[in-house]
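Taking it in order: structure first as structure tokens, then the write-up.
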Amino acid sequence: MRDGPPQGRPGGGTVGVREDGRVTAHASPPADRPLPDAALLAELGAIAEDLARQAGALVREGRPRRVDVAATKTSPIDVVTAMDLASESLLRRLLAERRPGDGILGEEEGLDRGGSGVTWVIDPIDGTVNYLYGIPAYAVSVAAVVGPPRPTEWTVVAGCVHSVADGRTWTATLGGGAYEDGRRVRVNPPAPLAESLLATGFGYTTERRRAQARVLVDVLPRVRDIRRIGSAAIDLCLVASGEVDLFYERGLQAWDQAAGTLVAAEAGATVVGLRGAPPSEAMTVAGPEPTVRELVALLEELRADTDDVAAGGAEGHPSG
Ligand code: IPD
């Protein structure tokens, strides 16, 4: 039975600290929850890629010259197109054929619980506003997670982000590394925050945006530059490929970031939230570890994990 859109629009929560102290894209699963064996990991990874590519073909080939808004969600600018719905329907149909016992959490239709312990977390078009305008930065994101279908409790084990317009495809399986079009990718070597190119994004509500703009006023003077690409899934993959150094965003949902956080972490990124938390709707930060530490300290000082426009500044921060 399908649950409605998840309460509170869950965030990522896919990253934790390993026994060796390294921060990774997946919390250590409880001992009573075995991770998939190599054969199942390979199967889930192959399905994630195949489905993302099939939905990507639908999105690419079915894009009309003029795209209309079909509905809005959290605000009048949080749009859904007919293709978001068609792409999610296709992904759900294909998953029902290939893995009938699995759960599915999708951006447009919410959660269908499964019985297998595997849940698919799908974003049929991440970067819908770019899709609407024909800006070529939108992606299909497909991830397989194990454990309870709750972002703070599951472990992401396989993921694919397929950039629809140019076909670039990032894949990762837990412990298996990250790949772009079959070539292994690594994050950039750490650089000082002041020499780092930083991708970020903004939410859809006025209150959230005012707070994000306040934070940006203090972040922008402290970095090489800012990029707002418009797809968090692609942002995280660009961190993995070293095409930006860092990424942070408040307000991401599970489907925006499940596959991308695994790709980034398997490429060597530290992927965390603030104040020792894993990444979640409150905040996601990704990049090379020392630079992430610097950025996290700044974001914590700025209270970037709140929507309070009056929250603190960063006058005392070293790179200010
Ligand atoms: C959005 C994109 C965008 C990010 C927003 C997300 P959507 O996803 O990932 O880059 O800034 O927070 O909601 O709505 O296009 O699926």
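First residue of the sequence shown: 0, per the working numbering; consecutive thereafter.
We treat Cβ as the ideally placed atom computed from N, Cα and C, and that holds for glycine.
All figures in this text were calculated on a predicted structure; none of them were measured in a lab.
field: C-alpha distance - L39 paired with K72, whole-angstrom precision
entry: The count along the sequence shown starts at 1 and reaches residue 39 at position 40. The count along the sequence shown starts at 1 and reaches residue 72 at position 73. L39 and K72 have their C-alpha atoms spaced approximately 36 Å apart.
- prompt: Can you name, in chain order, every residue of its own chain whose Cβ lies under 7 Å from the Cβ of R274, other than the five neighbours on each side?
  reply: Against the sequence shown, residue 274 aligns to sequence position 275. Excluding positions up to five away in sequence, the list reads E299.
message: Which same chain residues end up closer than 7 Å to D217 when comparing Cβ atoms and leaving out the 5 residues on each side of it in sequence?
response: The residue you call residue 217 lines up with position 218 of the sequence shown. Closer than 7 Å at the Cβ level, and outside the excluded window around D217, lie L301, G312, A313.
message: Is the separation between the beta-carbon of A177 and that of L43 shorter than 8 Å?
response: Residue mapping note: residue 177 aligns to position 178 of the sequence shown, counting from 1. Residue mapping note: residue 43 aligns to position 44 of the sequence shown, counting from 1. No, Cβ-Cβ distance for A177 and L43 is not below 8 Å.
query: Taking the continuous alpha helix (DSSP H) assigned at E248, which residues delimit it?
result: By 1-based counting over the sequence shown, the position of residue 248 is 249. It is not in any alpha helix (DSSP H) - E248 instead sits in the beta strand (DSSP E) that spans 245–248.
Assigned secondary structure, L259 (DSSP; H/G/I helix, E/B strand, else coil): One-based indexing of the sequence shown puts residue 259 at position 260. Before going further, note that residue 259 is Gly rather than Leu in the sequence given. Looking at G259 - three-state DSSP - the assignment turns out to be helix.
query: Hey, how far is the Cα of L294 from the Cα of L192?
result: Residue mapping note: residue 294 aligns to position 295 of the sequence shown, counting from 1. Residue mapping note: residue 192 aligns to position 193 of the sequence shown, counting from 1. For the pair L294 and L192, the Cα-to-Cα distance works out to about 7 Å.
- prompt: Does the beta carbon of G250 fall short of 7 Å from some heavy atom of the ligand IPD?
  reply: On the sequence shown, position 251 is the one that residue 250 refers to. Taken from the Cβ of G250, at least one heavy atom of the ligand IPD lies inside 7 Å.
Spatial neighbours of L261 in its chain, beta-carbon cut-off 6 Å, leaving aside the 5 residues before and after: Walking along the sequence shown from the start, residue 261 turns up at place 262. Here L261 has A24, V155, G158, A171 as same chain residues with Cβ atoms under 6 Å from its own Cβ, once five neighbours each way along the sequence are excluded.
query: Rounded to whole angstroms, how far is the Cβ of S140 from the Cβ of D125, which I believe are closer than 8 Å?
result: As a position in the sequence shown, residue 140 is number 141, starting the count at 1. As a position in the sequence shown, residue 125 is number 126, starting the count at 1. The distance from the Cβ of S140 to that of D125 is about 5 Å, consistent with a contact at the 8 Å cut-off.
field: I124: CB within 7 Å of a non-hydrogen atom of the ligand IPD
entry: Position 125 of the sequence shown, counting from 1, holds the residue named residue 124. Within the cutoff, so yes.
- prompt: Three-state secondary structure (DSSP) at P123?
  reply: Taking the first residue of the sequence shown as position 1, residue 123 is located at position 124. It is a strand residue.
task: Report the three-state DSSP secondary structure of D67 (helix, strand or coil).
output: Residue mapping note: residue 67 aligns to position 68 of the sequence shown, counting from 1. DSSP, read as helix, strand or coil, puts D67 in coil.
message: Could you compute how far the alpha carbon of A70 sits from the alpha carbon of P189?
response: Sequence index remark: in the sequence shown, residue 70 carries index 71 (1-based). Sequence index remark: in the sequence shown, residue 189 carries index 190 (1-based). It is roughly 42 Å from the alpha-carbon of A70 to the alpha-carbon of P189.
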